[in-house]
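Visitor: In the working numbering, each number is its position in the sequence shown, counted from 1, plus 2. Mind looking over this structure? Questions follow.
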Amino acid sequence: MPDSWAGRALDAQPAETIDPTAGTRRHRLAVLLADMVPGARTVRVSQHQPSQTWPSPYTRAYDEQGNLIPLNLAQRVTARWVIRAYPEADWDEAHDLDLTTGTLRPAVEARPARGGGR
Numbered sequence: 003m004p005d006s007w008a009g010r011a012l013d014a015q016p017a018e019t020i021d022p023t024a025g026t027r028r029h030r031l032a033v034l035l036a037d038m039v040p041g042a043r044t045v046r047v048s049q050h051q052p053s054q055t056w057p058s059p060y061t062r063a064y065d066e067q068g069n070l071i072p073l074n075l076a077q078r079v080t081a082r083w084v085i086r087a088y089p090e091a092d093w094d095e096a097h098d099l100d101l102t103t104g105t106l107r108p109a110v111e112a113r114p115a116r117g118g119g120r
């Protein structure tokens with residue numbers, strides 16, 4: 003056994019220390035998703051598929067104008083990749099992944115403001 007392990011438990015380290023390349027991996031994920039879904043600008047990921055009452059990873063893709071892009075099964079399972087790449091996100095809500103920058107933000111922020119003061 004290596005000396006660093008002998009007689010002591012490994013200390014927990016902050017995420018930044020464990021994996022300083024997380025940002026790079028997230029950007030690579032965005033590049034791969036953009037390659038998998040040609041024409042997509044944004045991928046919306048959630049844990050709740052609209053037709054089901056139980057949690058189920060769900061993916062939708064949108065082009066630059068905000069039009070929905072139909073996805074095949076292989077493209078829809080990418081929701082799991084995004085959820086694993088961003089474990090700190092609150093997945094009770096849908097999130098949008100910008101495929102040009104790799105930025106993840108709550109989908110609520112992407113919706114246009116509607117009248118009524120709410």
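Beta carbons: idealized from backbone N, C-alpha and C, even for Gly. Please read these numbers as outputs of a predicted model, since none were measured by experiment.
Tell me the rounded alpha-carbon separation between residue 102 and residue 50.
Guide: Going by the C-alpha atoms only, they are around 25 Å apart.
Visitor: For the alpha helix (DSSP H) containing residue 82, list its first residue and its last residue.
Guide: Segment 80-87, the alpha helix (DSSP H) holding residue 82.
Visitor: Measure the alpha-carbon distance for residue 30 versus residue 104 and round it to whole angstroms.
Guide: For residue 30 and residue 104, the distance between alpha carbons rounds to 8 Å.
Visitor: Do you know how far the Cα of residue 108 is from the Cα of residue 41?
Guide: When rounded, the distance between both Cα atoms is 22 Å.
Visitor: Should residue 45 and residue 98 be called a contact, given that it needs their Cβ atoms to be closer than 9 Å?
Guide: In contact: residue 45 and residue 98 (Cβ atoms closer than 9 Å).
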